[in-house]
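Numbering (this note's numbering), first residue to last: 407 to 628.
Everything on this sheet refers to the single structure shown next.
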């Protein structure tokens, strides 16, 4: 029986992944270097696997001051993302979960102050009983540690929880933790392979938790 739902943050609750890609493209174009989505996607859903500045230096034949580059990138990114509203369907799913008595958690590879600030800004913070982030684990997604800690915090078993993800790395982490996982791909993750997940939706507006709970409940428990 499903007892909990665990959200990813970036790309699921807030459209931050698309904005970061646009910002990085703008930064790269200053040096006349293209940043293909196929390359950038290596960084989505994790904090490991792709060094964007090294890629820029190698392809632009330039030396980048990392501190200045990141400061400019973060300033532009935060200016844009602070204007963003919650993604469509998120509030509906949160309300459904609350009305159904489900425990609600969040598992993100970002540092903890990032989702907390935006959840508060968006008026969603009170929905979450557990927030697990980069600060809480030694390895982030695709390692399952964030989801394992979320399950422990919510006091549920893996097959009693559904993860909501948007990326390959994130969904792989959820499946490694033994959870059910649905994905809602966005503009920068829709080309990723998702054959390992339990469901794929165009938008959270299409999600009925009652139907998902029934679908993921073993026949002997129905």
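Glycine included, every Cβ here is placed at the ideal spot set by N, Cα and C.
Quick caveat: nothing in here was measured; it's all calculated off a predicted structure.
Residue 567: which of 432, 487, 488, 511 sits nearest, CA to CA?
The residue given as residue 567 occupies position 161 in the chain shown. When the alpha-carbon of residue 567 is set against those of 432, 487, 488, 511, the nearest one is in 511.
With a threshold of 16 other CB atoms inside 10 Å of the CB of residue 417, please say whether the residue is buried or exposed.
Position 11 of the chain shown, counted from the start, is the residue given in the question as residue 417. Under this definition residue 417 is a buried residue.
Every unbroken beta strand (DSSP E) inside the region 534-616 [3 residues or more]
536-538, 567-571, 586-589
Here's the rule: buried if 16 or more other CB atoms are within 10 angstroms of the residue's CB, otherwise exposed. What is residue 593?
Sequence index remark: in the chain shown, residue 593 carries index 187 (1-based). Counting every other CB atom within 10 Å of its CB across the protein chains shown gives residue 593 a total below 16, marking it as exposed.
How would you write the range of the alpha helix (DSSP H) that residue 487 sits in, first residue to last?
Counting from 1 along the chain shown, the entry for residue 487 is found at position 81. From DSSP, the alpha helix (DSSP H) with residue 487 extends over 472-487.
Which two residues bound the contiguous beta strand (DSSP E) that contains residue 496?
Stepping through the chain shown from its first residue, residue 496 is reached at position 90. That residue, residue 496, is in no beta strand (DSSP E); its alpha helix (DSSP H) goes 496-505.
Residue 608 classed as buried or exposed, judged by whether at least 16 other C-beta atoms fall within 10 angstroms
By one-based count along the chain shown, residue 608 stands at place 202. Classification of residue 608: exposed, given that the 10 Å Cβ count is below 16.
Per DSSP, what kind of secondary structure is residue 443 in: helix, strand or coil?
Against the chain shown, residue 443 aligns to sequence position 37. It is helical.
Expected contact under 8 Å - CB spacing of residue 565 and residue 552 to nearest Å
Walking along the chain shown from the start, residue 565 turns up at place 159. Walking along the chain shown from the start, residue 552 turns up at place 146. No, residue 565 and residue 552 are not in contact; Cβ-Cβ is about 18 Å, not under 8 Å.
Taking 8 Å as the cut-off, does the region 522-535 touch the region 490-509 (at least 3 CB pairs, one atom from each stretch)?
Taking a contact to require three or more Cβ pairs closer than 8 Å, the region 490-509 and the region 522-535 qualify as touching.
Suppose the cutoff is 6 Å on Cβ atoms and the five residues either side in sequence are ignored; what does the same chain contact list for residue 560 look like?
The residue labelled residue 560 in the question sits at position 154 within the chain shown. Excluding positions up to five away in sequence, the list reads 410, 509, 511, 536.
Helix, strand or coil for residue 511, going by three-state DSSP, please let me know.
Within the chain shown, the letter at position 105 stands for residue 511. If DSSP states are grouped into helix, strand and coil, residue 511 belongs with the strands.
Simplified DSSP assignment, three categories, for residue 429:
Here the question's residue 429 lines up with position 23 in the chain shown. The three-state secondary structure of residue 429, taken from DSSP, is helix.
When the Cα of residue 438 is compared with those of 429, 462, 478, 473, which residue comes out closest?
Position 32 of the chain shown, counting from 1, holds the residue named residue 438. Nearest of 429, 462, 478, 473 to residue 438, Cα basis: 462.
Please state the DSSP three-state secondary structure of residue 459.
By 1-based counting over the chain shown, the position of residue 459 is 53. Residue state, collapsed to three classes: helix.
Just tell me which of 427, 529, 546 has its CA closest to the CA of residue 578.
The residue labelled residue 578 in the question sits at position 172 within the chain shown. The option with the nearest alpha carbon to residue 578 is 546.
Kindly indicate which three-state DSSP category residue 413 falls into: helix, strand or coil?
By one-based count along the chain shown, residue 413 stands at place 7. Strand at residue 413.
Tell me which same chain residues have a C-beta within less than 6 Å of the C-beta of residue 543, skipping the five on either side of it?
Residue mapping note: residue 543 aligns to position 137 of the chain shown, counting from 1. Closer than 6 Å at the Cβ level, and outside the excluded window around residue 543, lie 551, 552.
Look at the alpha carbon of residue 631 and the alpha carbon of residue 581, and state the distance between them as a whole number of angstroms.
The chain is shown from 407 up to 628; residue 631 falls before or after that span and cannot be answered.
For residue 526, the first and last residue of its enclosing alpha helix (DSSP H)
Residue 526 sits at position 120 when you count from the first residue of the chain shown. First-last of the alpha helix (DSSP H) with residue 526: 519-527.
Who does residue 420 pair with in a DSSP beta bridge?
Numbered from its first residue, the chain shown carries residue 420 at position 14. BP columns for residue 420 point to 416.
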